[in-house]
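When we follow UniProt numbering, the leftmost residue of the sequence shown carries the number 1, and every step to the right adds one. Backbone N, C-alpha and C define an ideal beta-carbon position, used for all residues, glycine too. Values in this document were obtained by computation on a predicted structure and should not be read as measured data. Below you'll find the structure, written out as structure tokens, and then a few comments.
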Amino acid sequence: MNDAKTDRQLRLYVGLVAFGGVCCLIWAAGSLTAIPPGQLLYVAALTVIIASATSGLIEMRVRSDNHAFASTSGAILVTVTTVPLPLALICTALGILIAKIFMRDALKISFSVAKNVLAATAAGAAAYLAGVRPPTDLSFSVQLGPRLLAALVLASLAYAVVDELLAHTVVALATRTSWMQSFKRNWDVVAAVRLINVAIALAVVLVIQREPVLIVAMVPAMLALQLATKNRIRQRTDQEAWQRLAASTDQLNVTDLTAVLHAAVTRAPGLFSADGAEIELRDISPSRLVRGSTGRVTYEGSPDGAPARTGPVVEAVLHGPDGAVIGVLRLLFRKPVSLDESEEYKLRTFTSSLHTAVQNARAYAELKRINAENAYAAAHDPLTGLANRRELLEQAKAIFAARNTDGIFALLLIDLNHFKEVNDTLGHTAGDDVLREVAKRLEEAATPGDLVARLGGDEFALLLTGLPTPAVAAHRATVLLDTLERPIEVEGMQLTVEAAGGIALAPGSGGVQELMRRADVAMYQAKRGGQRTATYAHARDTADVGRLMLGGELSRAVAEHEITVDFQPIVDLGSGEVLSAEALARWHHPQHGTLSPAEFLQTVERSGQLPGFADAVLEQSLAAYRMWLEAGFDLTVAVNVSPRSLLDETFPGAVLAQLGRHAVPADRLVLELAETLTLSQLEVVDRALSELRDAGVRLALDDFGTGVSSLSVLSRLPVHQLKIDRGFVRAVETSSEAAAVVRSTVDLARSLRLTVVAEGVESEPQRHALWDLGCVAGQGHLFARPMRAGRLLSTLQRGSGGRPGVLAGALHPAGSVVRMPRRRSPGQGRSSLPHLPA
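What follows is the structure, encoded as structure tokens:
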């Protein structure tokens, strides 16, 4: 539509110029007098010179049309100063017509003739006003001197004004650019040529005053001038074309694919003087087509929906150095065109740059997509799609840092009650379905601006923002928990989910970690009290100021080796021989004295210092093993593991690295796990335990019998050893129930080929009772209290009754008991504890 409008404007403009030229020619024909026969040769020569001077200096394609740029001013200046103006106009029209007759384009011919006739009229009028009036008899009696030079200069200026005005107007209309932009192109070269034409015209006029036949000398002079000018303009044109190509390719160096395509289809038409351009990407489904013209995009979408093309097309395949074809670039023209060698080379260069830009944009988009996926994965729970703990902490930190939110904000911590029973009964797939449904309901019930997160396992959290009063937090917590009471259908069964929630308002100090701790305290208060929700109250917080202070001192304690390890030996109940030693951490606090794990372990777990603490304990334990081994005592060393450590994916690697650094065989390390461990259903825990067991590390289940689901835990944990809780050992003499638990544990271990260790053995009667029930190993104050590694070595060297490595007398006289050989379980390393007879 715009092309049609442009064509109408061009035709109207050319018509106006042609009308002006015709008017001038009609006047010339009416005013023309008879030409003396002797001067016909001169007039013919002028006409030929004008025709030769009109031949194009250089052709430029503007859209689909070729436009020739020439300089005929020199020939016309001679004409208007040596013959009457009517005859000069007739010669000009005939000369231009002869030069353009082979163009086969009436519109262009008429415009060229009319333009030059109008310019010649202006030049002749300027010369007439300057006093140069050639006689009608062509006697060449032109007055020489300054007047002639002034007349030529004025005529040249008049000719130039009309010629430039008319020529650049048609170019500006054809290219839809400004008149000044067209005028500035090669203006300096054109100006120099016009000055040279004035000089040539002056010289010719001077010569023909003496001998008119010498007019023919103007032909080679004009041809030489045109050739020099042509070379200069072509050189500049090529330079500008390459500069435009460089600028166009620079426009393609963007990271957005759409911007690349838009830049290409809007820059290519001007670069190759085409009417339009389009790019079709074929290596995607569906294909994509973008079409445009200079400065604007006219279509973007599927190739099937694009308007039909009506003119010739120059096509270039988009492929890079690797030969991969991704699409095609098409230059659109209204009329048939032929690209020269230089243009074809530029087109290949442009398409190569376009291919590179498209591939770069795609690579950037793919990288951006991957980064977005990684960023999303790093901030979201893979099972439910909710924000994870990290994202929750980041959002809370941002709110703490800003402190400019409207209203109060709080944290609601939600823990599902008895969720483990779903996993144990229906399996993990059903458990995952329940967790996803819980997450969905919490998100739907949350208020815009709140953040719902899954912290792990069956624990969820909501960051509540914009609370007008603290009481609103409790109300919103109730609404959220109400949404979980509706039955959830899992595998055809209706399940009811119960949950407990802890609410903590943003504290004045302590930051995000303190907010999390308070919500955790409130949640456990709700669980213990059988309530659905509880709001944190400082008066009911069992974490006193001293414990909070310890949390801030943990990093210093680890760095300054205040954390030490004592060892309690594990002995053969029958012979009194030391078999192993359990590592027990101690914190030698400069103000609070020696603290046991019960006094600080919970603080360690909540402080973020757990990896450093566990590493310090393991370091000292393995160093003690090496010391005992070098002294001749090959004892396994048992180290307690916090359940939270098993959630750290780097924990197995850290343990194995420590073993390698101390050159300790993996089977000489026993990691003791709490029997109350509720994390065993998590995949990350199962993976950590399997990795450690496969490496040869031995696993023990501590405090066996105290959990609510001993057998289910035992069926999942790949342990080698059971440790009977001291509560059963203490009552083994007086309670038939305690004795039954011990006996069943021993029988279970025998069937599973596990070893059994009794904790808290404090008297000989307990030792005898345990031995009679089949327990072969134990530890407790009867044999030794926990002590430092060096002191334990001295105790082992001293022994009991002069027997190194023995801490108690045998239960039976020597030789009355036949000891079973220590066997290896299939695929396991050495065992320092005797297996129970099968």
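request  = Find the nearest neighbour of T81 within the set Y128, T92, K115 and A263, judged by alpha-carbon distance.
outcome  = Y128
key: Backbone CA spacing between E459 and L646 [nearest angstrom]   = 17 Å
request  = Return the bridge partner residues of H588 from the DSSP annotation.
outcome  = Assignment of beta-bridge partners to H588 by DSSP yields T594.
task = Helix, strand or coil for I35, going by three-state DSSP, please let me know.
result = The answer is coil: DSSP assigns I35 none of H, G, I, E or B.
request  = Pull up the distance between the alpha-carbon of P470 and that of V521, whole angstroms please.
outcome  = 18 Å
task = Whole angstroms is fine: what's the gap from P665's alpha carbon to L584's?
result = 21 Å
key: S353, enclosing alpha helix (DSSP H) - first and last residue   = E341 to A379
ask   = Which stretch, first to last residue, makes up the alpha helix (DSSP H) that contains M627?
value = Run containing M627: L610 to E630, per the alpha helix (DSSP H) assignment.
ask   = Does the segment 618-637 come within contact of the segment 558-572, defined as at least 3 CB pairs closer than 8 Å?
value = yes
request  = Give the C-beta separation of L97 and A120 to the nearest angstrom, bearing in mind that I take them to be a contact with Cβ-Cβ under 8 Å.
outcome  = L97 to A120, Cβ: 13 Å. No contact.
ask   = According to the Cβ coordinates, are E764 and V729 closer than 8 Å?
value = Annotated as distal: E764 and V729, with beta-carbon spacing of 8 Å or more.
key: Contacting residues, own chain, Cβ-Cβ under 7 Å from V708 (five flanking each side not counted)   = Caution applies to V708, whose pLDDT of 43 falls short of 50 and renders its modelled position unreliable; the value that the coordinates give is listed next. The answer is none, since no qualifying residue turns up.
ask   = How long is the line joining the alpha carbons of T676 and A700, rounded to whole angstroms?
value = A caution first: T676 carries a pLDDT of 47, below 50, which makes its placement in the model unreliable, though a value can still be read off. Straight-line Cα distance between these residues: approximately 13 Å.
task = Give me whichever residues DSSP pairs with H319 in a beta bridge.
result = V325
query = Any idea if N423 is buried or exposed, counting beta-carbon neighbours within 10 angstroms, 16 or more meaning buried?
reply = buried
query = Should G447 and R476 be called a contact, given that it needs their Cβ atoms to be closer than 8 Å?
reply = Note that residue 447 corresponds to Thr in the displayed sequence, not to Gly. For the 8 Å CB-CB criterion, T447 and R476 form a contact.
query = What is the rounded straight-line gap between the Cα of E164 and the Cα of A172?
reply = 12 Å
query = Just reading off the alpha helix (DSSP H) that M523 is part of, what are its end residues?
reply = G511 to G529
inquiry  = Rounding to the nearest angstrom, what Cα-Cα distance links H781 and V578 in this structure?
reply    = 14 Å
message = Just to confirm the assignment: which complete beta strand (DSSP E) runs, minimum length 3, are found wholly within the segment 654-704?
response = 669-674 and 698-704
Buried versus exposed call for G576 [16 or more other C-beta atoms within 10 Å across all chains shown] = buried
request  = Using 10 angstroms around the beta-carbon of P652, count the other beta-carbons present and answer buried if the total reaches 16, otherwise exposed.
outcome  = buried
ask   = Is there at least one non-hydrogen atom of the ligand ATP closer than 7 Å to the beta-carbon of K527?
value = The ligand content of the structure shown is nil, which means the ligand ATP is not present either.
query = In the structure shown, what three-state DSSP assignment does Y159 receive?
reply = helix
request  = Verify whether the separation of the beta carbon atoms of V761 and L770 is less than 8 Å.
outcome  = yes
inquiry  = Taking the alpha helix (DSSP H) that R726 belongs to, which residues open and close that run?
reply    = R726 to R730
Sufficient close CB pairs (3 or more, under 8 Å) joining the segment 449-457 to the segment 390-404 = yes
query = H262: buried (16+ other C-beta within 10 angstroms of its C-beta) or exposed?
reply = So H262 counts as buried.
request  = Would you decide whether S816 is buried or exposed? Buried here means 16 or more other CB atoms lie within 10 Å of its CB.
outcome  = Confidence at S816 is low in this model, with a pLDDT of 49, below 50, so its placement is unreliable and no value can be given for it.
Proximity below 8 Å, CB of A473 to CB of I414 = Contact flag unset, no.
task = Tell me whether A500 sits in a helix, a strand or coil according to DSSP, three-state version.
result = strand
request  = Determine the extent of the alpha helix (DSSP H) in which E649 is found, giving its start and end residues.
outcome  = No alpha helix (DSSP H) holds E649; DSSP gives it neither H nor E.
key: Beta-carbon separation (whole angstroms), R334 vs G305, contact threshold 8 Å   = Not a contact, Cβ separation roughly 23 Å.
request  = Run the CB neighbour count on V479, radius 10 Å, all protein chains shown included, and call it buried at 16 or more, exposed below.
outcome  = Exposed is the call here.
key: Cβ separation of A316 and T351, assumed to be a contact under 8 Å, to the nearest whole Å   = 4 Å
ask   = For the putative contact between V313 and L332, defined by C-beta atoms under 8 Å, what is the C-beta separation to the nearest angstrom?
value = 6 Å
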